[in-house]
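Colleague:
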Amino acid sequence: MISPSVIENLRASLRGQVLSPGEQGYEEARKIHNAMIDRHPAVIARCADVADVIACVKFAREHKVAASVLGTGHNVAGFGLCDDGMVIDLRAMKGIHANPKARTARVEPGVTWGELNHDLQAFGLAATGGFVGTTGVGGLTLGGGLGWMVRKYGCALDNLISVDLVTADGEFLSASANENAELFWGLRGGGGNFGIVTSFEFQVHPAGTVMAGLVLHPLSKGRDALHFWREYEKTAAEEMSNSMVLFTAPGELPLPDALRREPIVSIGGVYVGPVMEAEKALKPLREFGPPAADIYQRMPYSAAQSMADFLWPKGFYSYWKSSFLKSFSDGAIDTILDFYAKTPSPRTVIVVEHDGDGAFDRVPAGATAFGHRNWQYNLVVTTVWENAADTEANIQWTREFWEAMKPFFADAVYVNYLGEATDEGIRTAYGNKYDRLAALKAKYDPTNFFCHNQNIKPNPATNSIGA
Ligand SMILES: Cc1cc2nc3c(=O)[nH]c(=O)nc-3n(C[C@H](O)[C@H](O)[C@H](O)COP(=O)(O)OP(=O)(O)OC[C@H]3O[C@@H](n4cnc5c(N)ncnc54)[C@H](O)[C@@H]3O)c2cc1C
276 MISPSVIENL RASLRGQVLS PGEQGYEEAR KIHNAMIDRH PAVIARCADV
326 ADVIACVKFA REHKVAASVL GTGHNVAGFG LCDDGMVIDL RAMKGIHANP
376 KARTARVEPG VTWGELNHDL QAFGLAATGG FVGTTGVGGL TLGGGLGWMV
426 RKYGCALDNL ISVDLVTADG EFLSASANEN AELFWGLRGG GGNFGIVTSF
476 EFQVHPAGTV MAGLVLHPLS KGRDALHFWR EYEKTAAEEM SNSMVLFTAP
526 GELPLPDALR REPIVSIGGV YVGPVMEAEK ALKPLREFGP PAADIYQRMP
576 YSAAQSMADF LWPKGFYSYW KSSFLKSFSD GAIDTILDFY AKTPSPRTVI
626 VVEHDGDGAF DRVPAGATAF GHRNWQYNLV VTTVWENAAD TEANIQWTRE
676 FWEAMKPFFA DAVYVNYLGE ATDEGIRTAY GNKYDRLAAL KAKYDPTNFF
726 CHNQNIKPNP ATNSIGA
């Protein structure tokens with residue numbers, strides 16, 4: 276426990292708000308995206324600036340308080356929140372500084388991709404972020420960052436130029452290819468293990484108006500549609516980043532009656548390039564079937580960034596499993612469709628991203644700490660339900676589905692899609708980069724102060740820094 280007088284000292288030293296249990300705003304502040312996460316921190320420090328972040332780290336160390344770092348609270352395992360300790364809450368740090376001439380943007384860690392791309396749209400630019408707009412820039416970039424421009428410009432972390440961060444000692448550092456280069460290597464994939472990033476500098480890209488949307492098929496025609504999609508992707512230009520999305524259409528979506536509240540097999544994405552070329556490239560996909568609905572259209576990139584947000588609203592219960600696939604084989608397609616037909620929750624969404632065959636896998640494997648770039652398709656089962664009473668049935672369905680899919684998995688998972696923080700999962704996510712990361716962790720955080728995350732255990736014995 277932290278005594279009230281110690282919390283008062285913290286309050287006096289921060290510009291941001293400090294909340295402890297019982298105070299107004301505390302209950303709301305401890306809610307994050309996934310309703311499964313119900314933790315009760317002793318104190319939530321809502322940092323206003325870098326000085327607050329430094330003060331929080333020093334406070335936690337001095338008072339031997341466990342701390343977690345909260346970006347925007349999207350991590351499905353809830354790493355941003357801890358029980359009984361201190362939450363270093365970055366959600367109020369929302370600064371964005373775009374430099375349209377240099378095509379760069381400096382971004383604070385409480386910003387979401389929707390907010391960043393809203394700002395950049397004014398300059399006809401866009402940043403390579405996630406597939407939804409509500410996810411945070413911080414956690415997403417430090418773990419990887421797969422989104423609607425992954426095949427054209429790679430992951431979010433491939434577009435990172437530099438960062439500022441506060442280390443486990445409360446020291447302020449910058450890292451880039453030219454400064455603290457090994458740390459910069461580890462930050463691009465190693466998540467929140469090495470410090471609290473207070474500023475991200477990104478390369479951004481021309482985007483303006485793009486063609487984006489979905490074609491929708493009823494589940495009964497899903498198999499043919501996915502077989503067609505697999506062939507289509509073999510020659511699809513890398514301007515196009517597409518995913519398969521299985522979902523049940525909410526009643527309020529303006530869709531034909533046959534699709535409303537029915538399970539849907541959709542294929543959707545964004546073409547980042549001239550709209551005329553996009554229309555040509557998309558023609559076969561939009562004609563096949565034909566689909567029961569086609570909602571591809573011209574839109575600002577900022578709208579494309581948020582077009583899938585409705586599928587994952589805040590405050591529902593979530594349980595995720597994910598793995599890269601060896602290939603998008605007939606067997607994988609059949610198993611996915613069979614299990615989706617039996618899902619206990621109409622809120623559940625299954626995604627297969629086509630990330631590879633472009634900028635994502637052109638980046639040399641060792642260039643960043645991101646785990647795996649040699650698999651093209653990535654499966655994410657995002658089981659989502661509304662009522663706590665349905666938890667067991669949904670988790671059981673997810674686990675059975677998982678067992679059935681195992682023959683199709685590559686031995687590779689994306690760290691940000693891990694639904695649980697098992698050592699095995701984290702090692703699988705980093706593969707043969709784990710030892711180099713453990714040595715870096717021993718250098719920058721030898722006592723494992725930053726442990727509420729996809730944790731890499733410090734291990735100086737594995738010292739291969741610079742390898
Ligand atoms: C609905 C939904 C959609 C998603 N879509 C995508 C997607 O399209 N593409 C994709 O790649 N991922 C996606 N994700 C996964 C997402 O990348 C991770 O959940 C990520 O952790 C979210 O970032 P955050 O800042 O909100 O994390 P938080 O939950 O706030 O924090 C999680 C952890 O990240 C670390 N962290 C966060 N910010 C910082 C910082 N500034 N400095 C140091 N460490 C930090 C900390 O260890 C922290 O505990 C999605 C998640 C959800 C729930």
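Take the position in the sequence shown, starting the count at 1, then add 275; the result is the number in the numbering used here. Backbone N, C-alpha and C fix where the C-beta goes; we use that ideal spot for every residue, glycine too.
#1: Look at the alpha carbon of Leu491 and the alpha carbon of Glu554, and state the distance between them as a whole number of angstroms.
#2: Once DSSP output is grouped into helix, strand and coil, what is the label at Cys546?
#3: Buried or exposed for Met254, going by 16 or more other Cβ atoms inside 10 Å?
#4: With a CB to CB cut of under 7 Å and the five nearest residues on each side skipped, what residues in its chain are close to Ala579?
#5: Please report the straight-line C-alpha distance between Ser437 and Gly706, rounded to a whole angstrom.
#6: Am I right that Gly419 and Asn669 are in contact with their C-beta atoms under 8 Å? What's the rounded C-beta distance?
#7: For Ala713 versus Pro733, is the C-beta spacing smaller than 8 Å?
#8: For the alpha helix (DSSP H) containing Glu506, name the first residue and the last one.
#9: Which value, in whole angstroms, describes the spacing of the CA atoms of Thr666 and Phe398?
#10: Going along the chain, which residues of its own chain have a beta-carbon closer than 8 Å to the beta-carbon of Glu513, five neighbours each way excluded?
#11: With respect to 7 Å, is the separation between the Cβ of Tyr615 and the closest non-hydrogen atom of ligand 1 below this value?
#12: What would DSSP say about Asp444, mapped onto helix, strand or coil?
#13: Do the CB positions of Gly497 and Val441 come within less than 8 Å of each other?
#14: Could you spell out where the beta strand (DSSP E) holding His372 opens and where it closes?
#15: So is the beta-carbon of Pro384 under 7 Å away from any non-hydrogen atom of ligand 1?
#16: Just checking Asn707 against ligand 1 - is the residue's beta carbon closer than 7 Å to any of the ligand's heavy atoms?
#17: Please classify Gly741 as buried or exposed, where buried requires at least 16 other C-beta atoms within 10 Å of its C-beta.
#18: Taking the alpha-carbon positions, what's the Val656 to Asp609 distance?
#19: Could you compute how far the alpha carbon of Arg286 sits from the alpha carbon of Arg314?
#20: Could you tell me how far apart the beta carbons of Phe803 and Leu448 are, in whole angstroms, since I believe they sit closer than 8 Å?
#21: What residues are listed by DSSP as bridge partners for Ile539?
#22: Relative to ligand 1, is the shortest distance from any of its heavy atoms to the C-beta of Phe447 smaller than 7 Å?
#23: Taking just the CA atoms, how far does Val344 sit from Ile471?
#24: Leaving aside the five residues before and after Ile701 along the sequence, list all residues of the same chain whose C-beta is less than 6 Å from its C-beta, in chain order.
#25: Alpha carbon to alpha carbon, how far is Asp686 from Arg755? Give it in angstroms, no decimals.
#26: Put Gly693 into one of helix, strand or coil per three-state DSSP.
#27: Can you tell which of Leu489, Gly291, Thr379, Ala317 has the C-alpha that lies nearest to the C-alpha of Ala330?
#28: Using DSSP with H/G/I as helix, E/B as strand and the rest coil, what is Gly488?
#29: Nearest CA to the CA of Thr737: which residue from Arg711, Lys369, Arg561, Cys322?
#30: Identify every run of the beta strand (DSSP E) within the segment 316-376, keeping only runs that are complete inside it and at least 3 residues long; order them along the chain.
#31: Measuring straight from C-alpha to C-alpha, what distance separates Pro639 and Asn455?
#32: Rounded to the nearest angstrom, what separates Ala642 and His338 at their Cα positions?
#33: Runs of 4 residues minimum, wholly inside the segment 577-630: which ones carry the alpha helix (DSSP H) assignment?
#34: So who's on the other strand from Glu476, going by DSSP bridges?
#35: Taking 8 Å as the cut-off, decide whether the C-beta atoms of Ile363 and Val328 are in contact.
#36: Just mark Ser518 as buried or exposed, buried being the case when its beta carbon has 16 or more other beta carbons within 10 Å.
Modeller: According to the structure shown:
#1: Linking Leu491 to Glu554 through their CA atoms gives a straight-line distance of about 17 Å.
#2: Inspection of the sequence shows that residue 546 is occupied by Tyr rather than by Cys. DSSP places Tyr546 in the strand class (E or B) of the three-state scheme.
#3: Since the first residue of the chain shown is 276 and the last is 742, residue 254 is not available in this structure.
#4: Taken in chain order, the residues that qualify are Trp423, Val485, Ala487, Val545.
#5: Straight-line Cα distance between these residues: approximately 25 Å.
#6: Taking a contact as a CB-CB distance under 8 Å, the pair Gly419 and Asn669 does not count as one, their CB atoms being some 26 Å apart.
#7: Yes; because the gap between Cβ atoms is below 8 Å, this pair is in contact.
#8: Segment 497-510, the alpha helix (DSSP H) holding Glu506.
#9: Counting only the Cα atoms, Phe398 lies some 45 Å from Thr666.
#10: Exclusion of the five residues before and after Glu513 leaves Arg426, Lys427, Asp632, Gly633, Ala634 as the residues of its chain whose Cβ lies within less than 8 Å of its Cβ.
#11: For ligand 1, not one heavy atom lies less than 7 Å from the Cβ of Tyr615.
#12: Coil, per DSSP.
#13: At a Cβ-Cβ threshold of 8 Å, Gly497 and Val441 do not count as neighbours.
#14: Taken as a continuous stretch (DSSP letters only), the beta strand (DSSP E) holding His372 covers 371-374.
#15: Shortest gap from the CB of Pro384 to any heavy atom of ligand 1: under 7 Å.
#16: No - ligand 1 has no heavy atom lying nearer than 7 Å to the Cβ of Asn707.
#17: Because the pLDDT at Gly741 is just 42, under 50, the model does not fix this residue reliably, and the value given afterwards should be weighed accordingly. An exposed status is given to Gly741, since fewer than 16 other beta-carbon atoms sit within 10 Å of its beta-carbon.
#18: When rounded, the distance between both Cα atoms is 15 Å.
#19: Straight-line Cα distance between these residues: approximately 21 Å.
#20: In the structure as shown, the chain starts at 276 and stops at 742, and residue 803 therefore has no counterpart that could be examined.
#21: DSSP lists Pro493, Phe522 as partners of Ile539.
#22: In this structure, Phe447 has its CB at a distance of at least 7 Å from all heavy atoms of ligand 1.
#23: In this structure, the straight-line span from the alpha carbon of Ile471 to that of Val344 is close to 7 Å.
#24: Gln729, listed in sequence order.
#25: Given a span of 276 to 742 for the chain in the structure shown, any question on residue 755 remains unanswerable.
#26: Here the sequence assigns Leu to residue 693, which means Gly is not the residue at that position. The three-state reading of DSSP puts Leu693 in coil, since its state is none of H, G, I, E or B.
#27: Closest option to Ala330, judged by alpha-carbon separation, among Leu489, Gly291, Thr379, Ala317: Gly291.
#28: Gly488: strand per DSSP, three-state reduction.
#29: When each option's Cα is compared against that of Thr737, the closest is Arg711.
#30: The qualifying runs are 318-321, 342-345, 361-364, 371-374.
#31: Using only the alpha carbons, I get a separation of about 20 Å.
#32: Distance between the alpha carbons of Ala642 and His338: 38 Å.
#33: Uninterrupted alpha helix (DSSP H) stretches at least 4 residues long and entirely within the segment 577-630 occur at 605-616, given in chain order.
#34: For Glu476, the pairing in a beta bridge is given by DSSP as Arg381, Ser437.
#35: Ile363 is a Cβ neighbour of Val328, given a cutoff of 8 Å.
#36: Burial call: buried.
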